[in-house]
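Engineer: Please see the structure below; I have some questions.
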Amino acid sequence: KDYKSASKNFEQAKNKILETNSSFIKIYTYILLNKSLIHENKYDDLIENCKMAFKQIGRDKKYKNDDKIIWDNISTLIKNKDTINSSINILNTYLQETRDLNDECKINLIRNLGFLYSLDYRYSESIYQYLHLIKILDSNKNIRNINIHKSKVFTNIGDINYILGDYQMAIQYYDKAIGLEIENKTENAMTKSMAYINKISSYIEINKYDEAINLSKKIYSLLDYIDKDSRDDIEMLIYNNLALAYIYKHDFNKAQQLLNKSLELLKNDKIEFSLNKEVFINISYAEFYKEQKKYDKSLDIFNYTLQQSTQNGLGLEMHIYKSIIEIYKNKNDLDNYIKYNKALMDERDKLEIQFKKDYMKYATQLYERDELKSKEQQRKINMLILIFSIIILLLILISRMNVIKLLKKSNFIDGMTNLYNRKYLDYYIEKNKKNFDHKKVSIILIDIDYFKKYNDNYGHIKGDEIIKEVSNFLKNSIKDQGIVIRYGGEEMVLILPEVSIDNAKVIAEKIQESIRGKQIEHKYSEICDILTVSIGIYTNEFSQNEGIYKMIDNADKALYSVKNKGRNRYEVFYD
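When you line the sequence shown up against this note's numbering, it's residues 11 to 585, in that order.
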């Protein structure tokens, strides 16, 4: 694995390429050079090397129809998002300009094009390739292994539905792929294994964990007919999917055993049948830790896989963002919760823009084609493509709307201060009431002294700035001890589970001293020429019968007493 030396040697061989008559040596000099450069994270020459390899492949009758060598070459461009688009153009050029390609090779190249488009998030163009391929297969009965090709195409279309979040539709296409009769048992097993695995993934996404576990048993009957190198990959993916099902069922011991098996197979994997397996295993480990509330470990893995997905165009960003959002919501980390919600929405926006472009492109092309006027069958196929493009556009819009609805439903944030609002307080208590029951909870209610006078004299903009500044300070002052709620205009309430009355007093003193220390001018205050706050404290065991608002009322009584006694201090309410 001395890739640096390998790159150097292959570069020297490339410079002497004309000295050999062996097409195989010429082709693989470029392919292996690219593979070595990838390991060194050097991408500048990949595209040109790939083109040169295709020149050699296209000139040789022995290799021009060898779709495995063709894929080996083009796949050197799919590890980096910056070269994926070039891979599409290069393969398209080879398909259109290379003479004497046989039907079998053309079919495989069109399917590969569909896959490359999907890697570049161009799902409408991907679907176009797949439907075009179905038309070719249906119109030419002399093509060998039609059901094998159809099964693979149905699996690919199912994968796009899976990516777009329509798991029920994905399952329907996987069922179509699985339902086709393929006589050769080895081909049957090789062709349908990924449809089974991805169907299991779809079941997991819709929370049908037992169905996923039961379906996995059907794949085992196929393994005997699959060669060892491919079987290792399939077993790895089976174990990984099963681990996810058990993770969500909270059977962590079983999940750990399956993840260990999957990881062991990955370590010993020599030949790649399925791409990016390590990424999916990493995601499973991240989910494993998330479900056990080991959030820091989970976030480390999610952030690493997010980087991999972004760099390699894997399209996993939205899935990862959703999990990260869930973690930060559970951690009550407002800033990161907002940050990753925005990232998720930005990702949705990018997809929406891409689908609009795809839709307009295909709507225009299909109506401009002369074939549309004369060929009934072509018209039907084209209209099917157009309809499918519309459906995909609607899918992404609906998916986006669902995210917006979810954010609105969980709209727990005060727009001005970015503190939680009363709605979140209700959610927070409902979520934690069993954990809080009969445990000490401290309530600290804070009010800015003579805020109305500040607002009236300094203006509403300055008043808003003061509320924001105090809010930010309160968030930083309690960190992970509890939550801060904007309770009223200039009132904020701190909910501090398992914080004693003495510690609550320390927090209150720190808040008052720090705000006074900021020396914010307030010459209209009746007690001081700088900004101050008054604080009411109440500590007691939480009771579901009385609820949180009764406790806040008691803290308010203490605050009321402070205001009557001159403000700029704190007081505790005792039952």
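Ideal placement from N, C-alpha and C gives every residue a C-beta, glycine not left out.
Per the contact definition of three or more C-beta pairs closer than 8 angstroms, is the region 159-178 in contact with the region 208-225?
Structural biologist: Flag = yes, the region 208-225 and the region 159-178 touch.
Engineer: What are the start and end residues of the alpha helix (DSSP H) that includes Val516?
Structural biologist: Position 506 of the sequence shown holds residue 516. Its alpha helix (DSSP H) spans residues 511-527.
Engineer: Per DSSP, what kind of secondary structure is Lys450 in: helix, strand or coil?
Structural biologist: Position 440 of the sequence shown, counted from the start, is the residue given in the question as residue 450. DSSP places Lys450 in strand when its eight states are reduced to three.
Engineer: If we count the other Cβ atoms within 10 Å of its Cβ and call it buried at 16 or more, is Thr196 buried or exposed?
Structural biologist: One-based indexing of the sequence shown puts residue 196 at position 186. Flag for Thr196 reads exposed.
Engineer: State yes or no: is the C-beta of Asp447 within less than 8 angstroms of the C-beta of Ser535?
Structural biologist: Here residue 447 refers to the residue found at position 437 when the sequence shown is read from its first residue. Here residue 535 refers to the residue found at position 525 when the sequence shown is read from its first residue. Going by C-beta atoms, Asp447 is not nearer than 8 angstroms to Ser535.
Engineer: Would you check if there are 3 or more beta carbon pairs closer than 8 angstroms linking the region 120-139 to the region 310-330?
Structural biologist: Cβ pair count under 8 angstroms is three or more, so yes.
Engineer: When the Cα of Asn102 is compared with those of Ile84, Glu551, Val289, which residue comes out closest?
Structural biologist: To locate residue 102, count along the sequence shown from 1; it is residue 92. For Asn102, the nearest C-alpha among the options comes from Ile84.
Engineer: Taking all protein chains shown into account, decide if Lys89 is buried (16 or more other Cβ within 10 angstroms of its Cβ) or exposed.
Structural biologist: Residue mapping note: residue 89 aligns to position 79 of the sequence shown, counting from 1. Buried: at least 16 other Cβ atoms inside 10 Å.
Engineer: According to DSSP, is Ile334 part of a helix, a strand, or is it coil?
Structural biologist: Position 324 of the sequence shown, counted from the start, is the residue given in the question as residue 334. DSSP places Ile334 in helix when its eight states are reduced to three.
Engineer: So is the beta-carbon of Gln318 under 7 angstroms away from any non-hydrogen atom of the ligand ADP?
Structural biologist: In terms of ligand content, the structure shown is empty, and the ligand ADP therefore cannot be addressed.
Engineer: Can you pull the DSSP bridge partners for Phe552?
Structural biologist: As a working note, residue 552 is residue 542 in the sequence shown. Paired residues: Asp447.
Engineer: What are the boundary residues of the beta strand (DSSP E) that includes Glu581?
Structural biologist: The count along the sequence shown starts at 1 and reaches residue 581 at position 571. From DSSP, the beta strand (DSSP E) with Glu581 extends over 580-582.
Engineer: Going by DSSP, what residues sit across from Val503 in a beta bridge?
Structural biologist: Here the question's residue 503 lines up with position 493 in the sequence shown. Answer is Leu455, Ile495, bridged to Val503.
Engineer: Buried or exposed for Lys78, please, with buried defined as at least 16 other CB atoms from any protein chain shown within 10 angstroms of its CB.
Structural biologist: For the purposes of this step, residue 78 is identified with residue 68 of the sequence shown, where counting begins at 1. The residue is exposed, with fewer than 16 neighbouring Cβ atoms inside 10 Å.
Engineer: Any contact of the region 443-457 with the region 540-559, i.e. 3+ C-beta pairs under 8 angstroms?
Structural biologist: Contact holds: three or more Cβ-Cβ distances are below 8 angstroms.
Engineer: Tell me, to the nearest whole angstrom, how far the beta carbon of Lys61 is from that of Ile67; I am working on the premise that it is less than 8 angstroms.
Structural biologist: Sequence index remark: in the sequence shown, residue 61 carries index 51 (1-based). Sequence index remark: in the sequence shown, residue 67 carries index 57 (1-based). With a Cβ gap of about 11 angstroms, Lys61 and Ile67 do not count as contacting.
Engineer: Kindly indicate which three-state DSSP category Ser544 falls into: helix, strand or coil?
Structural biologist: Mapped onto the sequence shown, residue 544 falls at position 534. Correct three-state label for Ser544: strand.
Engineer: Looking at the secondary structure, which residues open and close the alpha helix (DSSP H) in which Asn251 lies?
Structural biologist: Numbered from its first residue, the sequence shown carries residue 251 at position 241. Where Asn251 is concerned, the enclosing alpha helix (DSSP H) stretches over 238-258.
Engineer: If you reduce the DSSP assignment to three classes, tell me which class Glu531 lands in.
Structural biologist: For the purposes of this step, residue 531 is taken as the residue at position 521 of the sequence shown. Glu531: strand per DSSP, three-state reduction.
Engineer: Since Tyr140 and Asn166 are thought to touch, with beta carbons under 8 angstroms apart, how far apart are those beta carbons, to the nearest angstrom?
Structural biologist: Within the sequence shown, the letter at position 130 stands for residue 140. Within the sequence shown, the letter at position 156 stands for residue 166. The Cβ separation is near 6 angstroms, so the contact holds.
Engineer: State the start and end residues of the unbroken alpha helix (DSSP H) segment that holds Lys463.
Structural biologist: In the sequence shown, counting from the first residue as 1, residue 463 sits at position 453. Taken as a continuous stretch (DSSP letters only), the alpha helix (DSSP H) holding Lys463 covers 461-468.
Engineer: With DSSP collapsed to three states, give me the class of Ile216.
Structural biologist: Indexing the sequence shown from 1 puts residue 216 at position 206. Coil, per DSSP.
Engineer: Run through the region 51-102 for me and flag every whole alpha helix (DSSP H) of 4 or more residues, listed as ranges in chain order.
Structural biologist: Listed in chain order, the complete alpha helix (DSSP H) runs (minimum 4 residues) inside the region 51-102 are 56-69, 77-84.
Engineer: For Ala253, which residues in the same chain have their Cβ closer than 6 angstroms to its Cβ, ignoring the five residues on either side in sequence?
Structural biologist: Position 243 of the sequence shown, counted from the first residue, corresponds to residue 253. So the list reads Ala265, Leu268, Leu269, Ser294, once near-sequence residues are dropped.
Engineer: Put Phe283 into one of helix, strand or coil per three-state DSSP.
Structural biologist: Position 273 of the sequence shown, counting from 1, holds the residue named residue 283. Note that Phe283 scores 46 on pLDDT, short of 50, meaning its location in the model is unreliable and no value can be drawn from it.
Engineer: Can you tell me the Cα-Cα spacing of Asn42 and Phe20, whole angstroms?
Structural biologist: Your numbering for residue 42 matches position 32 in the sequence shown. Your numbering for residue 20 matches position 10 in the sequence shown. Sequence check: residue 42 is Leu here, not Asn. C-alpha separation (whole angstroms): 7 angstroms.
Engineer: Classify Ser510: buried if its beta carbon has 16 or more other beta carbons within 10 angstroms, exposed otherwise.
Structural biologist: The count along the sequence shown starts at 1 and reaches residue 510 at position 500. Exposed: under 16 other Cβ atoms inside 10 Å.
Engineer: Does DSSP put Tyr138 in a helix, a strand or coil?
Structural biologist: Counted from its first residue, the sequence shown places residue 138 at position 128. Helix.
Engineer: Since Phe125 is in the alpha helix (DSSP H), which residue starts that stretch and which ends it?
Structural biologist: The residue given as residue 125 occupies position 115 in the sequence shown. Here the alpha helix (DSSP H) through Phe125 covers 113-129.
Engineer: If you scan the region 155-207 from start to end, which runs of the alpha helix (DSSP H) of 4 or more residues do you find wholly inside it?
Structural biologist: Runs of the alpha helix (DSSP H) inside the region 155-207: 156-173, 177-189.
Engineer: Using 8 angstroms as the threshold, is the region 483-493 in touch with the region 538-546, meaning 3 or more CB pairs across them?
Structural biologist: No, the region 483-493 does not touch the region 538-546.
Engineer: Pick helix, strand or coil for Tyr40, following the three-state DSSP scheme.
Structural biologist: Sequence index remark: in the sequence shown, residue 40 carries index 30 (1-based). Helix.
Engineer: How far does the alpha helix (DSSP H) with Gln302 in it reach, from first residue to last?
Structural biologist: As a first step, residue 302 is located in the sequence shown; it is residue number 292 there, counting from the start. Looking at the DSSP string, Gln302 is not in any alpha helix (DSSP H), and its letter there is neither H nor E.
Engineer: To the nearest angstrom, how far is it from the Cα of Ile173 to the Cα of Ile223?
Structural biologist: Taking the first residue of the sequence shown as 1, we reach residue 173 at position 163. Taking the first residue of the sequence shown as 1, we reach residue 223 at position 213. Cα-Cα distance, rounded: 21 angstroms.
Engineer: Taking the beta carbon of Glu191 as the centre, do at least 16 other beta carbons fall within 10 Å, making it buried, or is it exposed?
Structural biologist: The count along the sequence shown starts at 1 and reaches residue 191 at position 181. The residue in question, Glu191, is exposed, as its Cβ has fewer than 16 Cβ neighbours within 10 Å.
Engineer: Just to confirm my understanding: we take Gln318, look at its own chain, exclude 5 residues before and 5 after, and list those with CB closer than 6 angstroms. What are they?
Structural biologist: On the sequence shown, position 308 is the one that residue 318 refers to. Val289.
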